[in-house]
Each structure stands twice: as C-alpha cells, then as structure tokens.
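Number of protein chains: 2
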Amino acid sequence: MEKILNIGIVGCGGMGSGHAIALQSGTGNALWKVKTDDVPKFPGALTTDISKHLRLRGIFDIKPERRQWAQERKIPVYESYDAMLADPDIDAVLVATPNHLHKEQSIAAMRAGKHVLCEKPVMITSEDLEEVMQVSRETGRVFYPRQNREWDEDYLIIKKIYDDKLVGNVFNIKSRLTGSRGIPGDWRGIKEYGGGMMLDWGVHLIDRILQMIPEKVIKLFCSCTYITNKECEDGFQLHMTFESGLTVDIEVGTCHFISEPMWCIYGDRGSAVIHNFQLDGKMIRLTSWEDKDAEPIAAGAGLTKTMAPRSVGESVEERPLPRFDFDRNTLYRNFAEVCMGTAKQIVTQEHALRVLRLMEACFRSNESGEAVLFEG
Amino acid sequence: MEKILNIGIVGCGGMGSGHAIALQSGTGNALWKVKTDDVPKFPGALTTDISKHLRLRGIFDIKPERRQWAQERKIPVYESYDAMLADPDIDAVLVATPNHLHKEQSIAAMRAGKHVLCEKPVMITSEDLEEVMQVSRETGRVFYPRQNREWDEDYLIIKKIYDDKLVGNVFNIKSRLTGSRGIPGDWRGIKEYGGGMMLDWGVHLIDRILQMIPEKVIKLFCSCTYITNKECEDGFQLHMTFESGLTVDIEVGTCHFISEPMWCIYGDRGSAVIHNFQLDGKMIRLTSWEDKDAEPIAAGAGLTKTMAPRSVGESVEERPLPRFDFDRNTLYRNFAEVCMGTAKQIVTQEHALRVLRLMEACFRSNESGEAVLFEG
Chain D
1 MEKILNIGIV
11 GCGGMGSGHA
21 IALQSGTGNA
31 LWKVKTDDVP
41 KFPGALTTDI
51 SKHLRLRGIF
61 DIKPERRQWA
71 QERKIPVYES
81 YDAMLADPDI
91 DAVLVATPNH
101 LHKEQSIAAM
111 RAGKHVLCEK
121 PVMITSEDLE
131 EVMQVSRETG
141 RVFYPRQNRE
151 WDEDYLIIKK
161 IYDDKLVGNV
171 FNIKSRLTGS
181 RGIPGDWRGI
191 KEYGGGMMLD
201 WGVHLIDRIL
211 QMIPEKVIKL
221 FCSCTYITNK
231 ECEDGFQLHM
241 TFESGLTVDI
251 EVGTCHFISE
261 PMWCIYGDRG
271 SAVIHNFQLD
281 GKMIRLTSWE
291 DKDAEPIAAG
301 AGLTKTMAPR
311 SVGESVEERP
321 LPRFDFDRNT
331 LYRNFAEVCM
341 GTAKQIVTQE
351 HALRVLRLME
361 ACFRSNESGE
371 AVLFEG
Chain V
1 MEKILNIGIV
11 GCGGMGSGHA
21 IALQSGTGNA
31 LWKVKTDDVP
41 KFPGALTTDI
51 SKHLRLRGIF
61 DIKPERRQWA
71 QERKIPVYES
81 YDAMLADPDI
91 DAVLVATPNH
101 LHKEQSIAAM
111 RAGKHVLCEK
121 PVMITSEDLE
131 EVMQVSRETG
141 RVFYPRQNRE
151 WDEDYLIIKK
161 IYDDKLVGNV
171 FNIKSRLTGS
181 RGIPGDWRGI
191 KEYGGGMMLD
201 WGVHLIDRIL
211 QMIPEKVIKL
221 FCSCTYITNK
231 ECEDGFQLHM
241 TFESGLTVDI
251 EVGTCHFISE
261 PMWCIYGDRG
271 SAVIHNFQLD
281 GKMIRLTSWE
291 DKDAEPIAAG
301 AGLTKTMAPR
311 SVGESVEERP
321 LPRFDFDRNT
331 LYRNFAEVCM
341 GTAKQIVTQE
351 HALRVLRLME
361 ACFRSNESGE
371 AVLFEG
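Chains as they are written, first to last, in UniProt numbering: chain D, 1 to 376; chain V, 1 to 376.
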C-alpha cells in the first residue's frame, strides 16, 4: 500500500457523485454541478489537501447515465462492483448506495481485503451494524461511518459554547433542520430501502449531540410525522433527557415553509442562537443577575413584567458567535490515516452503533407513544 | 341590581392594581404607572366601553402601601374583606390575591351573595375548583375564571389561521413565551402559595390551545425546569397529542436570554410564524406542491437538496398575517352580562377545570418522566 489511499466509490447518485467531485478535485468540496477544475477549496488555512491522502481510483453504479457522467469527467468506471473489489489497486471502498445495500456491500469489501468508508446511515439496524463490526474485527479492515456533520461550522460553534461554558451551565439545547419539499422522491421514501428522515438528517443531528455531550441519555420521547409520506416518517420531534438533567430537543421536518432557528443553546448565564446555515445568530450573556426593576411590557391585551426582556448593556451583553478555523476535511483525512495505521478513528463504530440504537429507541417511543428508557 | 355591576377588588398587587386602573378609567387597559385620566383606550371600534358595564366600588388589600395607592387615586378602600362582602352595594368581587387564597375568598364571596371574577389560576388544584363550582351551583352566583388571554391578538391570528385552514390542515403548533428574569421574586416562587410558571403563564398558553382545538388531548409529555428556583418550576416544555394526531408544543421559560418565535403553525399547505408581542411575522402558503428541481444549498461542509427552501413566487407565496378588529374587553363585558343574566359564560368553569386537570397531568408526567394519558 502506498501512502496515498486508492479509493473506489460504489453508488454514484447524489452523495456518491459529490464524493467523486470532492476527491477528484482534491478539495473535499462536493459541488455536483461544477466542472472539477472549478471546484473551489474550502476557506481557512487548516483544511487538509486530501489529494495527499486519497486518490479516486474509479466508480461503479448500476445506472448507465451515472457511468456516463463519470466517463465525461474522466473518472474510471468499473464494469461491476465485483470488478472493483477484484482490483488490487483498490485499497478502500466508499459505499454510497441506497441504505439497504450498505451491509452486503461493506461486508463484501472487507472480505475482499478493502477498507470501507460507509455513508450514513451506516446500517438500517443496530443488529446489522454489529454483524459488520464483527467482520471488521475478523478481517482487520477499517469500517468507518461517514458521519461528517461533526465538522459543520454551526455545530462546532455550539460545541464551543457548550465546552467552554460561554453561556454558563447549559440546561437545554435545540437542534433543528426543516425544509418544505417532503422526503426526496426516490428510495428515500420507501421503508425497505431504509427511507425516512430519521435515517437521513436524523443521523447527523443525533450523532452530533451524542458527540458533544459526554453523558448517558437516560430517557427519550419521540413523535414522528407522516404528512407528505404515509410509509416513512417525513419528520420527527425528539426530546432527550441526559444524566445531569440537561435536555436536548431535535426536530427534523420536510413540510415546514418557515424555519425556526437551527440551534438554540440555553445556559444559566446566557443563551445563543444560530438561525441558519449562513450562521446568522448571536450570543447574549448575563453580566449581572440583578437588574433594575423590570418595566412591564405590552403583552396582548395585558402587560407582563416576568417576560420583559433585559436591556443589552444593563445586565446582559450581546456577543458575536465564536468563530475559528478548522480542518473541513478531517473525516476524509482521518479515514485515510486510520487505514494507514497512523491515527485513531474519530467517528468510531461504537459511536455509530449508539446513534443507531438511539434511533431505534425513537421508533419504539413513536410507536408506543411512551417515553423510553435508553441508557438509564 | 342596577344595570351597571358594582365590583370590589380584593388584592391590589400587580394584577389587582391593573384591574383597578382598567376599571376606574373605563378603558379596560391595565396601565399601572399612568394616571387614571391618561390611560388610553384600546385601538379599534369594537372594544366595549366597560364603564357601561362595570363600576369599581372599592378595593381591599392587607398592605398599607397598597391601600394608600388606592386612596391617592380616589378609589374607595374597605377596612377588611369582610366589610367589602358586607356592603350591599357590592354585586361582584374580583379576586386578585395570591393563588392559595382564591378558594377561601371566592367561596366567602358567593356565600355572601356576590358574583366572582377570579384571577388565574382560579384554583391551585382541580379538587379545589370542583368545591368552588359546587358552591357556585348552590348559591346561584357566577364564578368566572379570568383567563383573558383568549383575546390577545397574537392568539386570535393563530386561531383564525387554524379555523380557516389558511395553511391547510394543521399538524403542529408551537406556543412559547420566554423571559430571562426568573420567577418574580414574591409568592410566585413559593409552592404552597401556588407558585411556579405552570400556574402562571402556563394557564394562559394551555387555556388558549384547549379553546382553539375542538378535540380531546389523548396524551401529553411534560418536563419542567428548575434553573433559577429549586422549589417551583421556572419553565416547562409540554408536548400534547390530540385525537386527530395534531401535536402542540407549549414552552415557558424564565432563563432564556434569547426568545424563539412566540407562535409557529404548520399545515400541509403552508406555515405561519409570529415572533413577538409586536406581531412581527408572516405566512408562507403553497401555491403548487410541484416545484422545479431543487438547487442544492450549502449546508455546513456539505450540500442539501432536501432542505433547500422554496422560492417565494415559484411554488409558494408570502402573505401578511391576517389582522382584524375585535372587542378587547370581551371578558369584562361577558362577566358583567353573565351576572346580569343576559349572556352565556364564554370562559366556563368546566373549561378552567379541564385546564387545571391538564396541568396536573403535566406535573405527573414531569415527576414520573412518562408520557401521560389525559383524555385518551
């Protein structure tokens, strides 16, 4: 094995073609509709040049139009997935097929001696993942969950606020993502293919919360929506209670024509909000709990003193959200280095298993209408 | 009894003094710190001149400074609550004392032949309210819950959107009110006086939802916060599931330095938001489900098509929130007319009982950590 890992992509749809562009351009930036040469690098000095770690060796897809798309971009195309696995030049496979194929294809790759970077949800069930983990142990091959949203800037800002107690002791976090287009109209709306928004954006939003908060999730309550799709949930609301009493609300929706803030974090010394992917938001921090007597504010046909806001400059200060540079290609790089044996796996199999188990608990809660004990 | 109802106020603190000003000025407008002559009328042509229905006969409060406040405003002051009840000129009593006194004082008033307008929470427990309702039946006196937030404009806008299906079939509603000053530092933070935010703003927010949605509440899940007060909840999150599957989330908080939208309403044909008491907000309505293929949007270190917003003018339209005139003094007027026997009671005892029972179910859910069946 040379120092640059040769990787093949199986499944060249939305995600697979994004990876192809990201890897071919060496930027890590998945811009579907741009010519490879025009794909811009991520901003910031810390982002890894992934061309020094990963080389796109080729793709395979069952659809002729996708094979043609790759050929037009001068990406080699394998005749079959078996042919890819039989190629001794291939060190690793990136699995980006519909969810129900991840298991079989990951196992086949590892049995053929290839490492695996597997799109999320890595598996449809925790049982499947346990089988795959067993194969990973048996073969000594890396199985790496591609849960990459731990390196989204919005999340990292909230994580910094949490870690550094910038709003004091945090008691509630809200993480939301909503759109208005329903579930994408392909296999993502079909149950047996692993459809539904829980196994879609749900994975990322849950993944990040479990990564951020080093506590057991004692209990959860989850209710799903089926507004635009009767078979698969097109959204859900999840309320989690952690060991310390901290609560987290996660909400995903696809019939939401107006979006509530993407992140809110509430501590005993302040609050912060991120409204959207453009990172509009702010942080309000307490400078002194004592304040001059509140002036009542007009509230409908009455008044309220209790809910009168504090004045910035009096007992609270407004601060911009913390911003900082980071390596936007951490996951690609870490995968390559783990395969080379030079780094520890950041997104572990055990972590992905915990995320899957939590999602299974969500479905149980939704079906029963009950709060469900998780790690309590 | 003459055509104008003579009313006495017992308890002249925050709410009681507001009522005193509202009634003395004849405006219905509770502006504490303004001279009575300067209290402006509510806007709109439909608001009742309550001076034609209610006359403030006097107040009683145990605190000398409040009696003095009333005297300075030329409001007659009774020597005792008993003296107020003994006055044959008094037709009705407005009970605005701390919550734990409502029961005894309401019963005493009805036994003395007076009608009662009782501040919210009308009672601390549903059992207490059942006793009071029994006395109301025995004495033939009106007992009227002063749950007045059903005539707040923000609520009426959401109710219109719901009633007229302006965003299609509604599947989720959020109703929130948050501040950052903790529970007011008087009896409101003490359990035995009926403190805590559930019996405070919780009453109003729950009241309105139960008034708006003509369905059984099958189940609820509630978790309270105790950030600024260990004895009484300083906030709560409540998730209610109605018979049709519609869900409603109510949130009250007092350690929230940033406020999320006050109202969100989501239907299968649109969404609407009201951000604050100033009624900033909008309505987005679907004009056609079909849309040109979504352009992926930048989402952290990746892209998303699923969550790409629709463009206004393409398949959705932006509309202002519906606005309309209404009688802001409906509750005062209805109380007076019910006492006169000329109208049906709008905020019924049975409705207040349902609100109290629902809040008791919330406390059970919070204590057990379980979802609780309510009317299911």
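Heads up, the beta-carbon is just placed ideally off N, CA and C, and yes, glycines get one too. Computed from a predicted model, the values in this text were never measured in an experiment.
Look at residue 97 of chain V here: in three-state DSSP terms it is coil, with no helix or strand label. Apart from the 5 residues on each side of it in sequence, residue 209 of chain D sits with its Cβ closer than 6 Å to the Cβ of 248 in its chain, given in chain order. Every alpha helix (DSSP H) of 4 residues or more that sits fully in the segment 97-146 of chain V is shown, in chain order, as 102-111 and 126-139. Between residue 344 of chain D and residue 314 of chain D, the C-beta spacing is not below 8 Å. Residue contact with chain D for residue 247 of chain V: present (Cβ-Cβ distance below 8 Å to some residue of chain D).
Residue burial is scored here from C-beta neighbours: residue 64 of chain D has fewer than 16 other C-beta atoms within 10 angstroms and is therefore classed as exposed. Taking 8 Å as the CB threshold, residue 177 of chain V lines the interface with chain D. Residue 262 of chain V: not part of any alpha helix (DSSP H); DSSP gives it neither H nor E.
Residues of chain D with a Cβ closer than 7 Å to the Cβ of residue 83 of chain V do not exist, since the nearest Cβ in that chain sits about 29 Å away. The beta-carbon of residue 309 of chain V is placed less than 8 Å from the nearest beta-carbon of chain D.
The Cβ atoms of residue 329 of chain V and residue 75 of chain V lie no closer than 8 Å to each other. Taking every protein chain shown into account, the CB of residue 90 of chain V has 16 or more other CB atoms within 10 angstroms, so this residue is buried. Around residue 360 of chain V, the same chain offers 125 and 126 as residues with beta carbons nearer than 8 Å, after the five sequence neighbours per side are excluded. Look at residue 330 of chain D here: in three-state DSSP terms it is helix.
Residues 55, 57, 89, 90 and 91 of the same chain have their beta carbon placed closer than 6 Å to that of residue 6 of chain D, with the five preceding and five following residues left out of the count.
The C-beta of residue 260 of chain V comes closer than 8 Å to at least one C-beta of chain D.
Residue state for residue 174 of chain V is assigned as strand, using DSSP reduced to three classes.
Counting only runs of at least 4 residues, the segment 35-83 of chain V fully encloses the following alpha helix (DSSP H) elements, listed from N- to C-terminal order: 64-72. Boundaries of the beta strand (DSSP E) harbouring residue 224 of chain D: 217-225, taken from the DSSP string.
Around the beta carbon of residue 28 of chain V, 16 or more other beta carbons sit within 10 angstroms, so the residue counts as buried. CA-CA distance, residue 15 of chain D to residue 96 of chain D, rounds to 6 Å. Distances from the alpha-carbon of residue 117 of chain V to those of V:144, V:224 and V:71 put V:144 closest.
Taking the CA atoms as reference points, residue 354 of chain V sits about 55 Å from residue 31 of chain D. Under the 8 Å criterion on CB atoms, residue 328 of chain V is classed as interfacial with respect to chain D. Looking at the backbone, the Cα of residue 356 of chain D and that of residue 220 of chain D are separated by about 14 Å. One finds nothing in chain V with a Cβ atom closer than 7 Å to the Cβ of residue 55 of chain D; even the nearest lies about 21 Å away. Collapsing the DSSP output to three states places residue 271 of chain V in a strand. Boundaries of the alpha helix (DSSP H) around residue 159 of chain V: 153-163. Assignment of residue 249 of chain V by DSSP, reduced to helix, strand and coil, places it in the strand class.
The beta carbon of residue 316 of chain D sits closer than 8 Å to some beta carbon of chain V. Around the CB of residue 324 of chain V, fewer than 16 other CB atoms lie within 10 Å, so the residue is classed as exposed.
Put simply, the CB of residue 152 of chain D is near chain V, with a gap under 8 Å to one of its CB atoms. Taking the Cβ atoms as the reference, residue 277 of chain V lies roughly 18 Å from residue 284 of chain D, outside the contact range of under 8 Å. With contact defined as three or more Cβ pairs closer than 8 Å, the segment 331-338 of chain V and the segment 136-151 of chain V are in contact.
Using a Cβ-Cβ cut-off of 8 Å, residue 268 of chain D counts as an interface residue toward chain V, since at least one Cβ of chain V sits closer than that to its own. Between the C-alpha atoms of residue 66 of chain D and residue 60 of chain D there is a straight-line separation of about 9 Å.
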